[in-house]
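In this note's numbering, the protein residues as written are 43 to 401.
We put the beta carbon where it would ideally sit given N, CA and C, even for glycine.
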Amino acid sequence: MKRRQFLKGAGAATVATGAMMSTAAQAAPEFKWKMVTTWPKNFPGLGVGANNLAKLITEMTGGRVEVKVYGAKELVGALEIFDAVSRGTAEMGHGASYYWKGKSRAAQFFAAVPFGLTAQEMNSWLYHGGGMELWEEAYAPFGLVPGAAGNTGVQMGGWFNKEINSVADLEGLKMRMPGLGGEVLKRAGGTPVLLPGGEIFPALQSGAIDATEWVGPYNDAAFGLHKAAKFYYYPGWHEPGTTLECFMNKEAFEKLPADLQVIVRNAIRVANQDMLADFTAKNNRSLEQLVNEQNVQLRKFPDDVLATLKSLSDEVIAEEAANDEMTKKVFDSFVKFRDQATKWHQVSEQAYLNARNPV
């Protein structure tokens with residue numbers, strides 16, 4: 043009797059050991075990917091968003107795809123990630139598509155358009171309005187597969203070392219501002235400067251630039267931008283719902299089995315929604331700390347300044363659309379969706395917010 047019990051126990055142990063070995067074998071990554079980002083390593087919001095996406099992919103695939111994240115300059119420079127993933131140095135990149143307007147002018151529309159779509163509207167256009175198909179078409183010549191991997195919501199207008207009381211105050215202003223917003227600033231008489239996030243603070247502190255936009259209170263406080271400029275303006279007319287991107291090397295992506303391709307795409311969608319929730323939860327708390335504890339001067343852009351910037355934005359965007367066929371296709375789709383979203387929100391989101399928060 044005891045012998046049978048011993049054998050039974052030994053057999054159970056053998057089965058358990060076999061199961062553990064099987065689990066370990068399954069957990070061994072079949073694909074090891076590198077993700078390069080434009081953000082500093084572990085930077086709150088954006089950098090953490092890249093980390094979370096890598097973790098999601100690893101967990102959701104049961105460890106079959108393992109993603110290691112490299113912050114800006116760890117493997118390649120912040121603004122070199124597009125080329126790095128295109129040529130296969132890394133399998134995945136995490137950034138914002140307006141950085142690549144030198145590669146594809148159409149790319150800018152998939153990040154942020156001045157006075158364009160909010161985060162909710164951007165996601166609707168991408169997932170259900172034909173935007174994602176156009177994005178894939180725009181990136182196809184570079185061997186890349188794009189995805190929306192986060193959103194900041196409406197950003198702040200930026201940090202300035204002087205008050206902006208009129209459009210004349212923008213003349214000669216050297217301001218860090220990428221994408222279409224930078225083109226609008228240029229039209230208003232300013233000088234747009236393209237800098238990766240890690241270089242913004244020293245440039246503002248040294249006077250190399252007079253102003254900068256970055257994201258919003260949550261991220262801006264982490265960079266310490268309040269130590270280099272005290273006037274903090276809103277609203278972020280230039281980036282009303284900035285989509286962050288994750289793009290993959292097409293050849294690497296197509297090497298994944300069909301089930302893993304679906305999982306990776308859906309992990310990106312989960313990360314997209316989670317980042318927006320994170321910013322929404324933390325921005326106002328950070329803004330109150332900046333104003334109440336750091337004596338930041340919160341200012342709203344004058345109405346006439348915003349009106350002028352909107353007029354200039356319409357001109358710039360229309361001219362961008364005339365540059366090439368791909369940009370025109372994206373522009374037409376974007377504007378059509380924006381107009382229908384505007385009509386709906388006049389009787390839904392906007393009407394409700396006006397009722398909830400009467401001026």
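Exercise. Looking at residue 82 and the ligand NAP, is the gap between the Cβ and the nearest heavy atom below 6 Å?
Worked result: As presented, the structure is devoid of all ligands, the ligand NAP included, so that no description of it is given.
For this session: Note down, in chain order, each residue of its chain lying with its Cβ closer than 6 Å to the Cβ of residue 198, except the 5 sequence neighbours on either side.
Result: Position 156 of the sequence shown, counting from 1, holds the residue named residue 198. Counting only Cβ-Cβ distances below 6 Å, and skipping sequence neighbours, we find 258, 276, 278.
Exercise. In its own chain, which residues sit with a C-beta less than 7 Å from the C-beta of residue 65, not counting the 5 before and 5 after it?
Worked result: Counted from its first residue, the sequence shown places residue 65 at position 23. Note that residue 65 has pLDDT 42, beneath the 50 cutoff, so the model's placement of it is unreliable and the number below is only indicative. Hits under 7 Å: none found.
Problem set entry | residue 290 - containing beta strand (DSSP E), residue span | Your numbering for residue 290 matches position 248 in the sequence shown. Here the beta strand (DSSP E) through residue 290 covers 285 to 291.
For this session: For the beta strand (DSSP E) holding residue 273, just list the boundary residues, first then last.
Result: Position 231 of the sequence shown, counted from the first residue, corresponds to residue 273. Run containing residue 273: 273 to 276, per the beta strand (DSSP E) assignment.
Problem set entry | residue 74 to residue 99 span [Cα, whole Å] | Locating residue 74 in the sequence shown gives position 32, where the first residue counts as 1. Locating residue 99 in the sequence shown gives position 57, where the first residue counts as 1. C-alpha separation (whole angstroms): 11 Å.
Exercise. Just to confirm, are residue 286 and residue 138 a CB contact at a threshold of 7 Å?
Worked result: Along the sequence shown, read from residue 1 onward, the residue named residue 286 stands at position 244. Along the sequence shown, read from residue 1 onward, the residue named residue 138 stands at position 96. In contact: residue 286 and residue 138 (Cβ atoms closer than 7 Å).
Exercise. Do the CB positions of residue 339 and residue 272 come within less than 7 Å of each other?
Worked result: Taking the first residue of the sequence shown as position 1, residue 339 is located at position 297. Taking the first residue of the sequence shown as position 1, residue 272 is located at position 230. The answer is yes: Cβ separation under 7 Å.
Exercise. Counting only runs that start and end within the region 94 to 130, where is the alpha helix (DSSP H) found for 4 or more residues in a row?
Worked result: 123 to 128
For this session: Could you confirm whether any beta carbon from chain C is found closer than 7 Å to the beta carbon of residue 224?
Result: Annotation note: the requested chain C is absent from the structure, which comprises a single protein chain.
Problem set entry | First through last residue of the alpha helix (DSSP H) which encompasses residue 135 | Counted from its first residue, the sequence shown places residue 135 at position 93. Premise fails: residue 135 lies in the beta strand (DSSP E), 134 to 137, not in any alpha helix (DSSP H).
For this session: Verify whether the separation of the beta carbon atoms of residue 363 and residue 369 is less than 7 Å.
Result: Within the sequence shown, the letter at position 321 stands for residue 363. Within the sequence shown, the letter at position 327 stands for residue 369. Cβ atoms of residue 363 and residue 369: closer than 7 Å.
Problem set entry | CA nearest to the CA of residue 284, picked from 336, 241, 155, 201 | Taking the sequence shown and counting its residues from 1, the one referred to as residue 284 is at position 242. Comparing Cα-Cα distances from residue 284 to each of 336, 241, 155, 201, the minimum goes to 155.
Problem set entry | Residue of 129, 357, 177, 209 minimising C-alpha distance to residue 152 | Numbered from its first residue, the sequence shown carries residue 152 at position 110. Checked all of 129, 357, 177, 209; the closest Cα to residue 152 is 177.
Exercise. Which partner residues of residue 188 appear in the DSSP bridge assignment?
Worked result: Taking the sequence shown and counting its residues from 1, the one referred to as residue 188 is at position 146. In the DSSP output, where bridge partners are listed per residue, residue 188 has 289.
Exercise. Mind checking whether residue 230 and residue 212 have CB atoms under 7 Å apart?
Worked result: Residue 230 sits at position 188 when you count from the first residue of the sequence shown. Residue 212 sits at position 170 when you count from the first residue of the sequence shown. Cβ atoms of residue 230 and residue 212: closer than 7 Å.
Exercise. For residue 181, which three-state DSSP category applies?
Worked result: Counting from one through the sequence shown, the residue named residue 181 turns up at place 139. Correct three-state label for residue 181: helix.
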